[in-house]
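S.K.: My questions all concern the structure below.
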Amino acid sequence: MTIRLERDAHGQLALIDRDGQRHPGVLPVRAFPLSAPGEGVALMSTDGHELAWFDRLDELEAASRALLEDELARREFMPQVRAISGVSSFSTPCEWDVLTDRGATRFTLRSEDDIRRLVGGRLLVTDSHGIHYEVVDMKKLDRPSRRILDRFL
Amino acid sequence: MTRATPAVPLPDDLPLPWRDALAGRLAPDEAVQAWLQTDLDATLHFSASLLVLTDRRLLAADAPSATDWQSWPLAAGQRFDHVDHAGVGTLALHDAHHRLATWRYTLALNTEALRLADQHTRLIERIADPHAVHEDEDGLCPRCKAPLPPDDDECPLCERATVKPPETWALLRLWRFARPYRGRLLAGFLLTLASTAANLVPPYLTIPLMDKVLIPHQTGTRITFDAVWPYMAGLLAAALFAWALGWARTYILARVSERIGADLRTTTFDHLMGQSLEYFGGKRTGDLMARIGAETDRINVFLSLHLLDFATDVLMLFMTAVVLFSINPWLALVTLLPLPVIAWMIHTVRDRLRTGFEKVDRIWGEVTNVLADTIPGIRVVKAFAQEKRESERFAAANRRNLETNDRVNRVWSLFGPTVTLLTEVGLLFVWGFGIWQVGNDHITVGVLTAFIAYISRFYLRLDSMSRIVSVTQKAAAGAKRIFDILDHASSVPEPARPVHLEQVSGRIELRSVGFRYGNRAVLRGVDLDIAPGEFIGLVGHSGSGKSTLVNLINRFYDVSSGSIRIDGTDIRALPVAEYRRHIGLVLQEPFLFFGTIADNIAYGRPDATRDEIIAAARAAHAHEFILRLPHGYDSMVGERGQTLSGGERQRISIARALLIDPRILILDEATSAVDTATEKEIQRALDNLVQGRTTLAIAHRLSTLRKADRLVVLDRGQIVEVGQHDDLMAREGHYYRLYMAQQRQAEADAAEGVLA
Ligand SMILES: Nc1ncnc2c1ncn2[C@@H]1O[C@H](COP(=O)(O)OP(=O)(O)OP(=O)(O)O)[C@@H](O)[C@H]1O
Ligand SMILES: [Mg+2]
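Respectively, the protein sequence lines represent chains A and B. FYI, in our numbering the residues of the first sequence are 112 to 264. FYI, in our numbering the residues of the second sequence are 278 to 1033.
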């Protein structure tokens, strides 16, 4: 028997393992959400133990995989910044008005140290509530946005 | 159409469009209990929707204009589930069988969401048991549950959460540091002025020297000593005068400069010391060091030297212009030709220079970061033979530093010479125009030479003024980074209206304490009452939040929700340092400062006598090993105490905590770094010391907590069991499993020992 996933009436994901045993309330977690989101996904039990590990998602059969991806999409929140419309000040803390792939929003940047450089020109901006905003490629932003961002780097 | 206005008024802070939409939907006597305007939709896109809890149902809509409001009557068995992950909170409404709906929001709204869920739980409980009584929440802040000041609805603790964007114009704000020295700065300014004025005398003397002595000589009149000496003496006097003034000025300003720098550094450092651990958690040591070290230096030089230079330059420019105009207005006008061009240039490069210098400063911070990272970690670097890689990292940081500097220098190096070129061209014009005027007998040769002499001074000023542009922008960049530190209000702020506790009995109450590091919830709903003098053992798996709980009690961080009270007073209402004096702390990783052993033991009470120090060391079982050191209590411990073993450091830190004779003793793995025999010794010492003090001890070796009055078991940020050892063993729960696992381990170790 292969591993299967189900969603119950309370909206929780349940894992049915190889022995047919059912584990309700599992949570999918990516091992490298930033550097290699496509590889390594674990299913964790509610008390924080690893129940299953997939090197790649295609190890799962289609229906379960769809459920898993759906659950990941619900849990993962990292808006991608498309443009920066303005900042309240060039010294921190300051408020940023940004346009993201999930709509326009405003957040507070507490300090310049909350902008983390990842490889390949990617940036990760953490706001005062711990939400991460991703800048996929700084060079691809429009000029005004780039100029604003550059002041903080 | 007239809408029925509900008899019970809507909450004041409900946004307007929602008010209108909601007003028409409520029954006349339906009262809104709580509401939440979420900021995310189901697909996690930013958009607002509303969730309202009334005394009889839940109402929800995706937009104020929506016609399809959803409604769920309150019913037994209904509940809200709350989870948060990666900065997104989810409230899910369930009944006994299904999930009915979910709402998502960013953590900015977390307290509101939790309040709504709490309120909902209370209403549902009342359905089951209409007479259920609830803890009176009057007089508590609805957000953070801290007690509100009497006759005041605003919570002094929550108010500070709003960010205040710092003022711009960092340079002007520096005045605060120059102010105490304004007398001396004024003296310096006047001296500068006078010495520059003295410098203006010689060219003026050249006019008569030319026109009355030299030129008549060429036309046949002999030069007499009498005609010459007054001018020569005047020149000498002017030079001497300028020298004396210059000396006085430099001396005064150098002194002021050092003092301003020292003030700036100490103020910044003082402010830094007042910051919470949260602040330091997010900062790089090297960067802070660079700011306090190099940048304050640059600023003070700017304040005391360049700023004055600039002021005198402006004045001198003005004065020279007056002199020039008085000699010959037409020539003077020609002289001023390059000015507008230079002004325009300054305007264009100013911003580029400042942002450039800001970058240079930041990258310089990165260079020092590498140092601050690598040097303390040198053992690891060497153990893994990664010296090359660290060198590479340092070289890379340096390369980046070079690149950024190169970029600024390009702008700046072009700027200076361009100004010089412009002034040269200006000079050319003056020569041309002047010769033409001399040719037409409008002016004498002497006037022209004096003019040229003045003009070169004038242009020199202009030149140095334009050079100041770069220094100014450098200082502005530095000032901004200093004010970044100075403007950062501590996240563990001093109370606005402090309460002073003379005596502390040591009663600690935790009320639904929640805490998160960033977006990660580490503690949830922790309730605990600790009686004065009680010995509490905190146990739980690694990472369950024991140290975090202790950090909160120590007020290294402030709770995210709930409150901690000592003797009935919220700890946020007590002055931080005063409160911490009541607490003796022994940390998981003991840290010693560079200095002697005696200094380190007396760290919390520098006025302790030698006898007291020795008594504390004896109690901590450190006395004997200290005596075995070559210099006894006067031995140096090295940086971070690295010349001592882990266990020795640990015992010194115990002695340090004991010396302040605290009402509350916190031991975080105080005996983890010592062997079993020493542990037993320390344990015996501690047994005496905990008498009469409220003690919180964390230990992995559960056997060390056998004497505890109560054991508190934490699991993933929640208290799961509380009780005495025997009770908890009988309950066969979390504690039992922890204990048995250790027992088995001990037996296995013992068995191995027998075999070996
Ligand atoms: N400064 C921090 N920033 C972010 N997360 C932290 C920080 N300190 C601790 N944590 C996290 O908080 C959780 C609780 O940590 P804590 O230090 O309280 O554990 P503990 O119970 O003392 O563990 P141990 O027994 O290993 O000392 C851990 O999961 C840890 O990763
Ligand atoms: Mg710990």
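Positions of the beta carbon are idealized from the N, C-alpha and C atoms, including for glycine.
CB-CB under 7 Å to B:A519, same chain, minus the five flanking residues each way: which ones, in chain order?
M.R.: S472, A475, N476
S.K.: Where B:F706 and B:V600 are concerned, what is the direct C-alpha to C-alpha distance, given to the nearest angstrom?
M.R.: For B:F706 and B:V600, the gap between their C-alpha atoms comes out near 19 Å.
S.K.: Can you list every residue whose CB sits closer than 5 Å to some heavy atom of ligand 1, going in chain order?
M.R.: B:G558, B:Y794, B:V799, B:S819, B:G820, B:S821, B:G822, B:K823, B:S824, B:T825
S.K.: Only counting the same chain, and skipping five residues up and downstream in sequence, which positions put a Cβ closer than 7 Å to that of B:T726?
M.R.: T483, M487
S.K.: Is the beta carbon of B:I975 within less than 7 Å of some heavy atom of ligand 2?
M.R.: yes
S.K.: Assuming B:S840 is part of the alpha helix (DSSP H), what are its boundary residues?
M.R.: That residue, B:S840, is in no alpha helix (DSSP H); its beta strand (DSSP E) goes 838-843.
S.K.: Does the segment 568-575 of chain B touch the segment 510-529 of chain B, meaning 3 or more C-beta pairs lie closer than 8 Å?
M.R.: no
S.K.: Rank A:R129, A:H243, A:F201, A:P139 by C-alpha distance to the C-alpha of A:R185 and give the top, closest one.
M.R.: Here the closest residue by C-alpha is A:P139.
S.K.: With 8 Å set as the bound, which would you pick, yes or no: does the beta-carbon of B:L370 sit closer than that to a beta-carbon of chain A?
M.R.: Not a single C-beta of chain A is nearer than 8 Å to the C-beta of B:L370.
S.K.: Under a three-way DSSP split, which group does B:A319 fall into?
M.R.: coil
S.K.: State yes or no: is the beta carbon of B:S324 nearer than 8 Å to at least one beta carbon in chain A?
M.R.: At least one chain A Cβ lies under 8 Å of B:S324.
S.K.: Counting along the chain, where does the alpha helix (DSSP H) carrying B:F871 start and finish?
M.R.: Neither: B:F871 is in no alpha helix (DSSP H) and is coded neither H nor E.
S.K.: Note down, one range per segment and in chain order, each alpha helix (DSSP H) of at least 4 residues found wholly within the segment 474-523 of chain B.
M.R.: 492-495
S.K.: For the segment 370-384 of chain B, enumerate the residues whose C-beta is nearer than 8 Å to any C-beta of chain A, in chain order.
M.R.: H371, H374, H375, R376, T379, T383, L384
S.K.: Which bits of chain A does B:R561 rub up against, with CB to CB less than 9 Å?
M.R.: D224
S.K.: What is the residue span of the alpha helix (DSSP H) that B:W689 lies within?
M.R.: 664-716
S.K.: Using beta carbons (cut-off 8 Å, strictly below), is B:N796 in contact with chain A?
M.R.: yes
S.K.: Is the number of C-beta pairs between the segment 820-836 of chain B and the segment 554-563 of chain B that are closer than 8 Å three or more?
M.R.: yes
S.K.: In chain A, which residues lie less than 7 Å from B:L580 when you measure between Cβ atoms?
M.R.: Among the residues of chain A, none has a CB under 7 Å from the CB of B:L580; the nearest is roughly 19 Å distant.
S.K.: Any idea which residues DSSP pairs B:W380 with across the strands?
M.R.: B:L368
S.K.: Does any residue of chain B have a CB that is nearer than 8 Å to the CB of A:R186?
M.R.: yes
S.K.: Return yes when the Cβ of B:L630 is within less than 8 Å of the Cβ of B:L739, no when it is not.
M.R.: No. Outside cutoff.
S.K.: So, does the segment 839-857 of chain B touch the segment 911-919 of chain B, judging by three or more C-beta pairs under 8 Å?
M.R.: no
S.K.: From B:A504, B:A464, B:F454, B:G570, pick the residue whose C-alpha is nearest to that of B:R536; which is it?
M.R.: B:F454
S.K.: Given that a residue counts as buried once 16 or more other Cβ atoms are within 10 Å of its Cβ, and exposed if not, what is B:W380?
M.R.: Result: buried.
S.K.: Output yes if chain D places a C-beta closer than 8 Å to the C-beta of A:G197; else output no.
M.R.: The chain labelled as chain D is not found among the protein chains of the depicted structure, namely A and B.
S.K.: Can B:D945 be considered in contact with ligand 2, in the sense that its beta carbon sits closer than 7 Å to one or more heavy atoms?
M.R.: yes
S.K.: Would B:E444 be called buried (16 or more neighbouring beta carbons within 10 Å of its own) or exposed?
M.R.: Confidence in B:E444 is poor, its pLDDT being 48 and thus under 50, which makes the residue's placement too unreliable to answer from.
S.K.: Per DSSP, what kind of secondary structure is A:L260 in: helix, strand or coil?
M.R.: helix
S.K.: Closer than 9 Å by beta-carbon distance: list the chain A residues that pair up with B:H254, in chain order.
M.R.: With chain B covering 278 to 1033 only, the question about residue 254 of chain B has no answer from this structure.
S.K.: What does a CB cutoff of less than 8 Å around B:F466 pick up in its chain, not counting 5 residues either side in sequence?
M.R.: L585, A588, T589
S.K.: Cutting at 7 Å between CB atoms, please list the residues of its own chain near B:T439, excluding the five before and the five after it.
M.R.: Below a pLDDT of 50, predicted positions are generally treated as unreliable, and B:T439, at 48, falls in that range; the measurement from the model is reported next regardless. Counting only Cβ-Cβ distances below 7 Å, and skipping sequence neighbours, we find nothing.
S.K.: Starting from A:E206, trace the beta strand (DSSP E) in both directions and tell me its first and last residue.
M.R.: 205-211
S.K.: With distance defined between alpha-carbon atoms, name the residue in A:A173, A:E150, A:Y244, A:A177 nearest to A:W164.
M.R.: A:E150
S.K.: Taking the beta carbon of B:E925 as the centre, do at least 16 other beta carbons fall within 10 Å, making it buried, or is it exposed?
M.R.: It counts as buried.
S.K.: Going by C-alpha distance, which of A:D166, A:S222, A:G136 is nearest A:G159?
M.R.: A:G136
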